[in-house]
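Participant: This structure is in structure tokens; I'll ask about it shortly.
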Amino acid sequence: MGQACQQCKAFSGKEEFDIKNMNEELGDESPDVEQSFLDEEDEARKHNKPPSLDNFNKRGMFRKEDTYDQNDGKLSATIENKEIALTEELRGEEMILVDGSKYQGNVVDGKANGKGKIWLNNGDIYEGDIVDSIMQGNGVYYFNRGPIYSGQFKQGKANGIGKEMWPDGSIYEGQFKNGKKHGQGIYKWSQGCCYDGEWFENMIQGQGRYEWSDGRCYIGSWIKNQMHGRGKYQWKEGKYYDGEYEFDKKCGFGIFVWPDGKQYQGYWFDGKQHGKGIMINKEGKKKLGDWADGKLISFNEETNVEIIPEGWIDNV
């Protein structure tokens, strides 16, 4: 990524300029500020957000009002051969539950108890453990148009360890709480991306690793499905950014390193260099500068300056 640096040009002390026009003492190998802009465009190719029945309302996982992304043809595709995928129907009594759903299986004291199978009015099917007509224990829930969930249940909701399989081939395996992905888990998208880390109420949140299908990788802090906090973003060709993010954009202190060793150490805002920064060429020659909105507006020949905040290395 990035553009080849131009030959250095003379400048007046008053005119604004970028790294491409820096003093020739830094050499043609000086990092190109526009390269970081292109990298920012790379990062703007958003990571996939996990599909979820909870994306469009806040109701419980197994209420018939639950919805999914109606605009995504893959996610809303009807699961084919659903009945074939189920185990052989359990022998036992049949009854109609309070909400009108059909139940077949063990009945104790007039309630569904033990192993059984429920056909819900909205077309969903559940097969597994049931306590007092409530899904509880281990089971499999087949959404009529949506994923298949297999795992642990509590009070009618996914709770504990489980696996969620979507019609487009995406899979989540990990922890659930109150019907939502919550805790540690791995989500693999059908497009080849993968996230392994912490979740909070169906959102990527906490510490985790996200890998893109084109070889990019981010390891660090997340909030509400966005890179936020300290993290390291690496491209397959070897360049990387180690620094702070705010809602998917570089913001705060960070170090950008090119494969040949060139570096920018300094401050960022809204994805661009902003504030104090040091450019270092591959021979180690430094220039200290002031930046505004990605543009270098002044610099001097400081050679012994240190800009990395105290404790930065220890906080990796």
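In this text, residue positions in the sequence shown follow the UniProt record's numbering: the first is 1, and each later residue adds one. Quick reminder that beta carbons are idealized off the backbone N, C-alpha and C, glycines included. As the structure is a prediction and not an experimental result, all values here were calculated from the model.
Tell me the start and end of each unbroken beta strand (DSSP E) in the segment 266-309 that is at least 3 residues and wholly inside, in chain order.
Facilitator: Correct list: 272-280, 286-292 and 295-300.
Participant: Check whether the segment 269-285 and the segment 221-231 are in contact - that is, three or more C-beta pairs closer than 8 Å.
Facilitator: They do not touch, by the three-pair rule.
Participant: Along the chain, which unbroken stretches of the beta strand (DSSP E) at least 3 residues long are found entirely within the segment 179-233?
Facilitator: Counting whole runs of 3 or more residues, the segment 179-233 contains the beta strand (DSSP E) stretches 180-188, 194-200, 203-211 and 217-223.
Participant: Determine, using beta carbons only, whether Gln-175 and Gln-155 come nearer to each other than 8 Å.
Facilitator: As a first step, residue 175 is located in the sequence shown; it is residue number 175 there, counting from the start. As a first step, residue 155 is located in the sequence shown; it is residue number 155 there, counting from the start. Not a contact, by the Cβ cut-off of 8 Å.
Participant: Which first and last residues belong to the beta strand (DSSP E) in which Phe-153 is found?
Facilitator: Taking the sequence shown and counting its residues from 1, the one referred to as residue 153 is at position 153. First-last of the beta strand (DSSP E) with Phe-153: 148-154.
Participant: Checking 8 Å against the spacing of the C-beta atoms, do Gln-265 and Ile-307 come in under that value?
Facilitator: As a first step, residue 265 is located in the sequence shown; it is residue number 265 there, counting from the start. As a first step, residue 307 is located in the sequence shown; it is residue number 307 there, counting from the start. Going by C-beta atoms, Gln-265 is nearer than 8 Å to Ile-307.
Participant: State buried or exposed for Lys-236, treating a residue as buried only when at least 16 other CB atoms are found within 10 Å of its CB.
Facilitator: Residue numbering aside, residue 236 sits at position 236 when the sequence shown is read from its first letter. When all chains shown are included, Lys-236 counts as exposed.
Participant: Starting from the Cα of Gly-271, find the closest Cα among Val-257, Phe-247, Leu-288 and Asp-260 and give me that residue.
Facilitator: Here residue 271 corresponds to residue number 271 of the sequence shown, with the count starting at 1. Nearest C-alpha to Gly-271: Phe-247.
Participant: Would Trp-258 and Lys-239 qualify as a contact pair, given that the criterion is a beta-carbon distance under 8 Å?
Facilitator: What you label residue 258 is simply residue 258 of the sequence shown in a count that begins at 1. What you label residue 239 is simply residue 239 of the sequence shown in a count that begins at 1. Contact flag set, yes.
Participant: Which of the three DSSP states is assigned to Glu-80 in this structure?
Facilitator: As a position in the sequence shown, residue 80 is number 80, starting the count at 1. Per-residue confidence for Glu-80 stands at a pLDDT of 42, beneath the threshold of 50, marking its modelled position as unreliable; the derived number appears in the next sentence. The answer is coil: DSSP assigns Glu-80 none of H, G, I, E or B.
Participant: Taking the C-alpha atoms as reference points, what is the distance between Ser-36 and Glu-201?
Facilitator: Taking the sequence shown and counting its residues from 1, one reaches residue 36 at position 36. Taking the sequence shown and counting its residues from 1, one reaches residue 201 at position 201. Residue confidence is low: Ser-36 scores 45 on pLDDT, short of 50, so the model does not pin down where it sits. Its coordinate-derived value is still stated next. Distance between the alpha carbons of Ser-36 and Glu-201: 34 Å.
Participant: Residues in its own chain within less than 6 Å of Tyr-141 by CB, not counting five upstream and five downstream?
Facilitator: For the purposes of this step, residue 141 is taken as the residue at position 141 of the sequence shown. Answer for Tyr-141: Tyr-126 and Tyr-149, listed in chain order.
Participant: Measuring straight from C-alpha to C-alpha, what distance separates Leu-26 and Gly-289?
Facilitator: Here residue 26 corresponds to residue number 26 of the sequence shown, with the count starting at 1. Here residue 289 corresponds to residue number 289 of the sequence shown, with the count starting at 1. For Leu-26, the predicted structure reports a pLDDT of 35, less than 50, and the residue's modelled location is therefore unreliable. A value from the coordinates is still provided. Roughly 13 Å separates the two Cα atoms.
Participant: Please name the residue, chosen from Asn-106, Asn-315 and Lys-102, that lies closest to Phe-253 on a Cα-to-Cα basis.
Facilitator: Here residue 253 is taken as the residue at index 253 of the sequence shown, counted from 1. It is Asn-315.
Participant: Any idea if Ile-313 is buried or exposed, counting beta-carbon neighbours within 10 angstroms, 16 or more meaning buried?
Facilitator: Walking along the sequence shown from the start, residue 313 turns up at place 313. Burial call: exposed.
Participant: Between the alpha carbons of Ile-134 and Glu-310, how many angstroms are there, rounded?
Facilitator: For the purposes of this step, residue 134 is taken as the residue at position 134 of the sequence shown. For the purposes of this step, residue 310 is taken as the residue at position 310 of the sequence shown. Approximately 55 Å between the Cα atoms of the pair.
Participant: Under 8 Å Cβ to Cβ from Gln-152, same chain only, skipping five residues before and after it: list those, please.
Facilitator: Sequence index remark: in the sequence shown, residue 152 carries index 152 (1-based). Closer than 8 Å at the Cβ level, and outside the excluded window around Gln-152, lie Gly-137, Asn-138, Ala-158, Asn-159, Gly-160, Ile-161, Gly-162 and Phe-176.
Participant: Whose CA, out of Lys-115, Asp-129, Ile-204 and Gln-234, lies closest to the CA of Trp-212?
Facilitator: By 1-based counting over the sequence shown, the position of residue 212 is 212. When each option's Cα is compared against that of Trp-212, the closest is Gln-234.
Participant: Would you mind listing the beta strand (DSSP E) stretches within the segment 233-258 that are 3+ residues and don't spill past its ends, in chain order?
Facilitator: Segments of the beta strand (DSSP E) lying fully in the segment 233-258: 240-246 and 249-257.
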